[in-house]
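S.K.:
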Amino acid sequence: MTTLFRTAAWIAVLAFGLISLPASAASIPCKTAKLIVPWKAGGGTHVLFSIFEKTIQQLDVTPKIKVVTVPGQGGNKGAKEARKAKPDGCTLFAIHQSAITSYLNGRIDFTFPAFDTVALLTSTPDIVGAGGDTPWNTLGDLQKAAKSAPGTILTGATFGSTSQFMWLILEDLTGMKFKYVPFDGTRERMTALLSNAIQLGTLNAASGRKYIEGGELKAFGIAAETRSKQLPDLPTLREQGVDLVYALKRGIVAPKGTPADVVDHWAQVFKAAAENADLLAQMDAKGTGINWVGPADYRKWAELTYAQHEKVAIKIGMYKK
1 MTTLFRTAAW
11 IAVLAFGLIS
21 LPASAASIPC
31 KTAKLIVPWK
41 AGGGTHVLFS
51 IFEKTIQQLD
61 VTPKIKVVTV
71 PGQGGNKGAK
81 EARKAKPDGC
91 TLFAIHQSAI
101 TSYLNGRIDF
111 TFPAFDTVAL
121 LTSTPDIVGA
131 GGDTPWNTLG
141 DLQKAAKSAP
151 GTILTGATFG
161 STSQFMWLIL
171 EDLTGMKFKY
181 VPFDGTRERM
191 TALLSNAIQL
201 GTLNAASGRK
211 YIEGGELKAF
221 GIAAETRSKQ
231 LPDLPTLREQ
241 GVDLVYALKR
251 GIVAPKGTPA
261 DVVDHWAQVF
271 KAAAENADLL
281 AQMDAKGTGI
291 NWVGPADYRK
301 WAELTYAQHE
311 KVAIKIGMYK
321 K
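Following the working numbering, the numbering of the sequence shown begins with 1 at its first residue and continues without gaps.
(1) From the DSSP secondary-structure annotation, give me the bridge partner or partners of V242.
(2) Specify, as a first and last residue, the run of the alpha helix (DSSP H) that N76 falls within.
(3) With the cut-off set at 8 Å, would you say W266 and G89 are in Cβ contact?
(4) Out of F52, K179, V37, A197, which has the shortest C-alpha to C-alpha gap to A149?
(5) Cα separation between T202 and A285?
(6) Using CA atoms only, rank isn't needed, just tell me which of A206, F52, P38 is closest to R83.
(7) Return the residue from the list A277, Y211, S98, D261 that minimises the CA-CA distance to G185.
(8) Whole angstroms is fine: what's the gap from D233's alpha carbon to K210's?
(9) Does DSSP put T45 in a helix, in a strand, or in coil?
(10) Could you tell me the distance, in whole angstroms, from the CA atom of S161 to the CA atom of Y306?
(11) Under three-state DSSP, which class holds I95?
(12) Within this structure, are the beta carbons of H46 and V67 separated by less than 8 Å?
(13) Taking the beta carbon of T117 as the centre, do at least 16 other beta carbons fall within 10 Å, making it buried, or is it exposed?
(14) The beta strand (DSSP E) spanning F115 covers which residue range?
(15) Would you report the Cα separation of T91 and V253, rounded to the nearest angstrom?
(16) Is the number of C-beta pairs between the stretch 94–109 and the stretch 242–262 that are closer than 8 Å three or more?
(17) Give me whichever residues DSSP pairs with V349 in a beta bridge.
(18) Alpha carbon to alpha carbon, what distance is there between I153 and N137?
(19) Beta strand (DSSP E) containing P255: first to last residue?
(20) Looking at the secondary structure, which residues open and close the alpha helix (DSSP H) in which I314 lies?
(21) Whole angstroms are fine: how far does the CA of G317 sit from the CA of Q308?
(22) For the candidate residues D109, E275, G43, K256, whose alpha-carbon lies nearest to that of G208?
(23) Residues in the same chain with beta-carbon distance under 8 Å from F326, minus the five sequence neighbours each way, listed in chain order, please.
(24) Assuming F273 contacts F52 (C-beta within less than 8 Å), just tell me the rounded distance between them.
Okay, structure coming up:
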């Protein structure tokens, strides 16, 4: 009886293990899959997915992933490369709402429906940031200045991306008007802010916290539902009377036509990584929340998010159906 009991117990453990581990039945013809990040190394998206890369390297899964940066065109160069890739599970694409805003701005003729959704992973709220030499110290100060001299405050953004879209929505909500200065990515915009070549730019806790705390940059509010643990003294925009919540929602997609079992395999791999305690600690330190959403619900999120962005884009004259 003891032997039978032990055997049954081991069978139960193995069965549980098979259920809890990422799917491994999918046929993927590579030992290492390429995860395209469409911005330069050192930017927020590259930093966060590099953490996922290192975590997945430690998991007992095959293939592993390798982050490859393909910068240019505000994220669209990498999107085009990912779209053309063979749908065999060996190419994945790191995506967020800029795939929607670039489409609405006319810079690219495809968006989320051109891919198969794999997993939604992270949420990083935007911060209304400013150079250290700017004469304003609060959101109220900024609003007064922007309304008294509309279209004069130099605001860094990647045209057609979320770094501009947040400001466009803010304009629509408050009546402020800004003068946009184009930058290809987060690092260039941050350099311009730090040198006071521009006056405003979106920040997040990952890229801006040390500069805000050191006084090199200013922050006027975070576009989140609650205050950041990393910057607890920074009020939300809602606290200051502006009903705006805007966060980058980063996830993984695959080229259209990727087999369902391959999509599910990768969804489970990223789920396992998203549950890793060390990864969660690193993300928390960077002001980024983790909320894994699987393929079907991620598709629903993308459809809803597109509809919300399209409505605003039409309202401000960016997009016409």
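Ideal Cβ placement from N, Cα and C applies to all residues, glycine included.
Just so we're clear, the structure is a prediction, and the values are computed from it rather than from any experiment.
M.R.: Reading it off the structure:
(1) Counted from its first residue, the sequence shown places residue 242 at position 242. Answer is none; V242 lacks a bridge partner.
(2) Counting from 1 along the sequence shown, the entry for residue 76 is found at position 76. Segment 76–84, the alpha helix (DSSP H) holding N76.
(3) Within the sequence shown, the letter at position 266 stands for residue 266. Within the sequence shown, the letter at position 89 stands for residue 89. For W266 and G89, yes; Cβs fall inside 8 Å.
(4) Here residue 149 refers to the residue found at position 149 of the sequence shown. The option with the nearest alpha carbon to A149 is K179.
(5) Here residue 202 corresponds to residue number 202 of the sequence shown, with the count starting at 1. Here residue 285 corresponds to residue number 285 of the sequence shown, with the count starting at 1. C-alpha of T202 to C-alpha of A285: approximately 19 Å in a straight line.
(6) Here residue 83 refers to the residue found at position 83 when the sequence shown is read from its first residue. If we check each option's Cα against that of R83, P38 comes out closest.
(7) Position 185 of the sequence shown, counted from the first residue, corresponds to residue 185. Nearest of A277, Y211, S98, D261 to G185, Cα basis: S98.
(8) One-based indexing of the sequence shown puts residue 233 at position 233. One-based indexing of the sequence shown puts residue 210 at position 210. Computed Cα separation, rounded: 14 Å.
(9) Along the sequence shown, read from residue 1 onward, the residue named residue 45 stands at position 45. It is helical.
(10) Mapped onto the sequence shown, residue 161 falls at position 161. Mapped onto the sequence shown, residue 306 falls at position 306. For S161 and Y306, the distance between alpha carbons rounds to 13 Å.
(11) Against the sequence shown, residue 95 aligns to sequence position 95. Reduced to three states, the DSSP call for I95 is strand.
(12) Translated into positions along the sequence shown, residue 46 becomes position 46. Translated into positions along the sequence shown, residue 67 becomes position 67. A contact, by the Cβ cut-off of 8 Å.
(13) Walking along the sequence shown from the start, residue 117 turns up at place 117. Label assigned to T117: buried.
(14) Stepping through the sequence shown from its first residue, residue 115 is reached at position 115. Counting along the chain, the unbroken beta strand (DSSP E) around F115 starts and ends at 115–125.
(15) Mapped onto the sequence shown, residue 91 falls at position 91. Mapped onto the sequence shown, residue 253 falls at position 253. Cα-Cα distance, rounded: 9 Å.
(16) yes
(17) Outside the shown range of the chain, which is 1 to 321, sits residue 349, and nothing can be said about it.
(18) Your numbering for residue 137 matches position 137 in the sequence shown. Your numbering for residue 153 matches position 153 in the sequence shown. For N137 and I153, the distance between alpha carbons rounds to 15 Å.
(19) Here residue 255 is taken as the residue at index 255 of the sequence shown, counted from 1. Start and end: 247–255.
(20) For the purposes of this step, residue 314 is identified with residue 314 of the sequence shown, where counting begins at 1. Where I314 is concerned, the enclosing alpha helix (DSSP H) stretches over 295–315.
(21) As a position in the sequence shown, residue 308 is number 308, starting the count at 1. As a position in the sequence shown, residue 317 is number 317, starting the count at 1. Looking at the two C-alpha atoms, the distance is approximately 15 Å.
(22) As a position in the sequence shown, residue 208 is number 208, starting the count at 1. Comparing Cα positions, the closest option is G43.
(23) Given that the chain is displayed from residue 1 to residue 321, the structure contains no residue 326 and the question cannot be resolved.
(24) Residue 273 sits at position 273 when you count from the first residue of the sequence shown. Residue 52 sits at position 52 when you count from the first residue of the sequence shown. Residue identity differs from the one stated: residue 273 is Ala in this sequence, not Phe. Yes, they are in contact, since the Cβ atoms of A273 and F52 sit about 5 Å apart, within 8 Å.
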